[in-house]
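J.: Chains as they are written, first to last, in our numbering: chain L, 53 to 478; chain D, 8 to 380. Note that beta-carbon positions come from the ideal geometry of N, C-alpha and C, so glycine has one too. Note that the structure is predicted; figures quoted are calculated from it, not measured.
1) Under a three-way DSSP split, which group does residue 430 of chain L fall into?
2) Any chance you could list the beta strand (DSSP E) runs of at least 3 consecutive residues sitting entirely within the stretch 230-277 of chain L, in chain order?
3) Could you run through the stretch 257-288 of chain L and flag, in chain order, every residue whose CB is less than 9 Å away from some CB of chain D?
4) Less than 8 Å between the CB atoms is what I'm expecting for residue 448 of chain L and residue 461 of chain L, so what's the real figure, rounded?
5) Return the Cβ separation of residue 260 of chain D and residue 133 of chain D in integer angstroms, given the expectation that the two are a contact with Cβ distance under 8 Å.
6) Let me see if you follow: with CB-CB separation under 8 Å, is residue 270 of chain D close to chain L or not?
7) Looking at the structure shown, is residue 250 of chain D part of a helix, part of a strand, or coil, going by DSSP?
8) DSSP on residue 397 of chain L, reduced to helix/strand/coil?
9) Taking the beta strand (DSSP E) that residue 361 of chain L belongs to, which residues open and close that run?
10) Report yes if the C-beta distance between residue 192 of chain D and residue 341 of chain L is below 8 Å; otherwise report no.
11) Can you confirm whether the stretch 110-117 of chain L touches the stretch 307-315 of chain L when touching is taken to mean that 3 or more C-beta pairs between the two stretches lie within less than 8 Å?
12) Could you check if residue 266 of chain L is buried or exposed, using at least 16 other CB atoms within 10 Å of its CB as the buried criterion?
13) Just verifying my parser: in three-state terms, what is the DSSP assignment at residue 73 of chain L?
14) Starting from residue 83 of chain L, find everything on chain D with Cβ-Cβ shorter than 8 Å and list it in chain order.
15) Going by other Cβ atoms of all chains shown within 10 Å of its Cβ, with 16 needed for buried, is residue 51 of chain D buried or exposed?
16) Check whether the Cβ atoms of residue 398 of chain L and residue 365 of chain L sit closer than 8 Å, and answer yes or no.
17) Might you give, ordered along the chain, the residues of its own chain that have their beta carbon closer than 6 Å to the beta carbon of residue 402 of chain D, omitting 5 neighbours on each side?
18) How about residue 295 of chain L and residue 172 of chain L: are their beta carbons less than 8 Å apart?
19) In chain order, what residues of the stretch 202-221 of chain D put their CB closer than 7 Å to some CB of chain L?
20) Give every residue of the same chain whose Cβ lies closer than 7 Å to the Cβ of residue 42 of chain D, excluding the five residues on either side of it in the sequence, and list them in chain order.
21) Leaving out five residues on either side along the sequence, give the residues of the same chain with a beta carbon under 6 Å from the beta carbon of residue 13 of chain D.
22) Looking at the secondary structure, which residues open and close the alpha helix (DSSP H) in which residue 117 of chain D lies?
23) Can you pull the chain L residues whose beta carbon is under 8 Å from the beta carbon of residue 57 of chain D, in chain order?
24) Please confirm if residue 286 of chain D has its CB atom under 8 Å from at least one CB of chain L.
25) Determine the extent of the beta strand (DSSP E) in which residue 346 of chain D is found, giving its start and end residues.
26) In terms of residue numbering, what span does the beta strand (DSSP E) encompassing residue 63 of chain L cover?
27) Give the straight-line distance between the Cα atoms of residue 219 of chain L and residue 90 of chain L, rounded to the nearest whole angstrom.
28) Distance check for residue 93 of chain L and residue 328 of chain L, CA to CA, integer angstroms please.
29) Please say whether residue 443 of chain L and residue 406 of chain L have beta carbons closer to each other than 8 Å?
30) Between residue 478 of chain L and chain D, is there a C-beta pair that is closer than 8 Å?
31) Taking all protein chains shown into account, do 16 or more other C-beta atoms lie within 10 angstroms of the C-beta of residue 324 of chain D, making it buried, or fewer, making it exposed?
32) Taking the alpha-carbon of residue 135 of chain D as reference, which of D/269, D/370, D/298 has the nearest alpha-carbon?
33) Tell me which residues of the stretch 333-351 of chain L have at least one Cβ-Cβ distance to chain D shorter than 9 Å, keeping chain order.
34) Let's see if you can read the secondary structure: which residues bound the alpha helix (DSSP H) around residue 155 of chain L?
35) Residues of chain D with a CB under 8 Å from the CB of residue 87 of chain L: which are they?
36) What residues in the stretch 326-344 of chain D have a beta carbon less than 7 Å from any beta carbon of chain L?
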């Protein structure tokens, strides 16, 4: 087998718990995004567009959807005899089986996968972000600097800097200080969680980290600080462009809404940097005599008889007559009945919203189920859920996955309310 | 239906579809938002359980071969069987350029001989329909027919349409007693759909025999001459069916997709129509967009008014544009304030600002590939 210069390890095991019901049964990288994609598609497409044809995808949390989505990697041209995509799940060993206890541990447990390919460099990615980046340019930078590790960074506003891992760098881009979520940030260069390592060096540090009982086995918290302490050559590669962590409901919603702008900052139409995903078998979409679509994106297989404004509509969605959808995200194969009003809402895949339903009514109120996760004007309806005819949902309401009409004890759930299976209502 | 193999005939050189078929085989003409004509016959075969399919190609085959690829979109990239494409070739025994449908088949007799299915379904690759060939094969076996031809009542086709078809007459038992190919004065109301079923071995004998006699066309030379000597039966299909035999048929068949019943039967059935997919972003509508009663494919960006029209992949409709009753193929651009009515734009056409193009319902205006108006 031809030796690969660089391979990618894509960390896709995180839950993304701040997306609430959207990641209750699927991992965050598998959440639908942008009218036809799943979040991981952006990173996988970046890999193939950057000529990286060997990608190990490390999964752990609710991996079923992710596994079936990736399959053998065909949509990304990653079905290769030599290299291609490999799914790496936690596994049992002779002595004991172990879950991945941190990002570094996840890579450590798959040392044998990397060793077999014996690449010179390894790029560590996460499947949680929306961005387009040419990793081969970062690799060039890494080689030119003769670095031991290169961390991709992005300039963030001062007021947000304390949410990230912040780098202090010399004029020459050499990192001399790294602080994880600092109270008083010294710079605005935030780590994007994208690292290129010389594999031999990384392997060493992974082993050392593994033997350290006090380590959290995390790249940002342990490996990078450890290398810095040892005086290793760490460089910051500055990325300029659209990069979003869509890890909260507000960020997820905003990032989707960005795509409906006249000239979106993140361009899905770039013929030189296509985003790949398994294409569903659907005809082109149909806008009916009574349909009206403005400032929105609409995917294949949709049938639109109502009005859609400022929204993102995934494949196979039906919107009946007299319905108005505004500022919302409607995921694949959802069915929206007639004379319904949907405002500022995320409707999960395969859900059904009945006739004369109103969603997003009234004023914001604190969520009574989990105000840490649900803290916006956005009402979230989970996957494969049925909202019966005539229901009224306020703002910041959450409805669980797999809810059936019988689960509703009242036809009105005011702002801040919830309907969660196994939890009590409202 | 492992019992049958499939052969798709993509037709000889013709300008039936004018500019649309001058550089591509009719089977490769874009249709209905995201498809090519051949997708329907090919998907029908796959949906009927046929996994050994040969496509006989001749004229302007580049776009067809590009479209079919390895057949993976139809699940026909198989180790055994799958999709095979047969362009003409030269050899000591072959006759080179195919002289007709029977000649094309005769030149690829090896394919027929090496296959082991009992029956063969032969169909043209330029008709729009969603059909299960299974019941037709059942009838073929029940009637103990030599050849079964799928036929359809022609009530919803015009006199001019009928002139492009084979018109058949049947007796009470559905046996075909008369067959007139492209008659000048069509009388009957039953048309051949260009779909034939027969035993594979029977076809091989038929082809060897007709080659010896110098026959080259399946319909003219073999079927019409054999109505008395062979048991040739009609299988009546009652679903939607349109052969793309003329610009008028092409235009109407596209517009028929705006009818929800036809769209459902053709495209939303559990027997899906597969096609080669391009990785386009979902269509984008800006503030000024006003789209009514239209089909819009992925990759379109719309800022103008569109009604009763079909937009294929990646069409750009700019501000102030008014498009009605038109078909815009992939990658065409309509710039500011242009107006189109009853037009068919081929791939990559650019209509510059302020232009007005008006066709007629019967004679839509065709703008050829990559032309800038």
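T.: Here's the rundown:
1) coil
2) Counting only runs that start and end inside the stretch 230-277 of chain L, the beta strand (DSSP E) elements of at least 3 residues fall at 241-250.
3) For the stretch 257-288 of chain L, the beta-carbon criterion of a distance under 9 Å to any beta-carbon of chain D is satisfied by none of its residues.
4) Actually they do not touch by this definition, with Cβ atoms about 20 Å apart.
5) Not really, about 11 Å apart at Cβ, beyond 8 Å.
6) yes
7) strand
8) strand
9) 359-361
10) no
11) no
12) exposed
13) helix
14) Result: empty, since nearest Cβ-Cβ is about 16 Å, beyond 8 Å.
15) By the neighbour-count rule (16 or more Cβ atoms within 10 Å), residue 51 of chain D is buried.
16) no
17) Shown here, chain D extends from 8 to 380; a query on residue 402 of chain D therefore has no answer.
18) no
19) none
20) 280, 282
21) 52, 57, 60, 128
22) 116-121
23) Those within 8 Å of residue 57 of chain D in chain L number zero; the least Cβ separation is about 18 Å.
24) yes
25) 346-348
26) 58-63
27) 30 Å
28) Distance between the alpha carbons of residue 328 of chain L and residue 93 of chain L is about 6 Å.
29) yes
30) Unreliable positioning characterises residue 478 of chain L in this predicted model, as indicated by a pLDDT of 44, which lies under 50. The coordinate reading is nonetheless provided below. Chain D, which has no Cβ nearer than 8 Å to the Cβ of residue 478 of chain L, makes this no.
31) That one is buried.
32) Closest option to residue 135 of chain D, Cα to Cα, is D/269.
33) 333, 334, 335, 336, 337, 338, 339, 340, 341, 342, 343, 344, 345, 346, 347, 348, 349, 350, 351
34) 155-160
35) 288, 289
36) none
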